[in-house]
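Reading through the structure tokens given below for one structure.
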Amino acid sequence: MRIVSREQGRLVVAMQARETTGKGVAISQKELEVLRLTAQGRGIKEVASALGGASSTVGSHLSTAMKKNGARNLAEVVVLFG
Numbered sequence: 001m002r003i004v005s006r007e008q009g010r011l012v013v014a015m016q017a018r019e020t021t022g023k024g025v026a027i028s029q030k031e032l033e034v035l036r037l038t039a040q041g042r043g044i045k046e047v048a049s050a051l052g053g054a055s056s057t058v059g060s061h062l063s064t065a066m067k068k069n070g071a072r073n074l075a076e077v078v079v080l081f082g
């Protein structure tokens, strides 16, 4: 796989880590975007504003990413993908 951007490169690293540990599944591009903004310390309302969506949608993306990866809390899934 060829790395064409820093963002894609970070995704490749996260995917390789999941393959090694056997944890996690693929997440959507939007879930990844929400997780990255959250990892930067932004709150749900700030993420929603940055992406032009609703706070409830951001919460849904975070919740789905956590469930897909068996994360017990937001910090666990942010470490994987943030």
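At the far end of the sequence shown sits residue 82, using the working numbering, and the numbering has no gaps.
The beta-carbon is built from N, C-alpha and C at its ideal position, and this holds for glycine as well.
Where the alpha helix (DSSP H) containing residue i begins and where it ends
{"i": "residue 69", "result": "55–69"}
{"i": "residue 29", "result": "29–39"}
{"i": "residue 48", "result": "44–51"}
{"i": "residue 26", "result": "Premise fails: residue 26 is in no alpha helix (DSSP H) and is neither H nor E."}
Residue i versus residue j: straight-line alpha-carbon distance, rounded
{"i": "residue 58", "j": "residue 49", "result": "10 Å"}
{"i": "residue 80", "j": "residue 55", "result": "22 Å"}
{"i": "residue 70", "j": "residue 28", "result": "16 Å"}
{"i": "residue 68", "j": "residue 26", "result": "8 Å"}
{"i": "residue 52", "j": "residue 76", "result": "26 Å"}
Cβ pair residue i, residue j closer than 7 Å
{"i": "residue 78", "j": "residue 61", "result": "no"}
Neighbourhood of residue i by C-beta distance below 7 Å, restricted to the same chain and skipping five residues each side
{"i": "residue 64", "result": "31"}
{"i": "residue 44", "result": "55, 58, 59"}
Closer than 6 Å: residue i CB and nearest the ligand PLP heavy atom
{"i": "residue 51", "result": "The ligand content of the structure shown is nil, which means the ligand PLP is not present either."}
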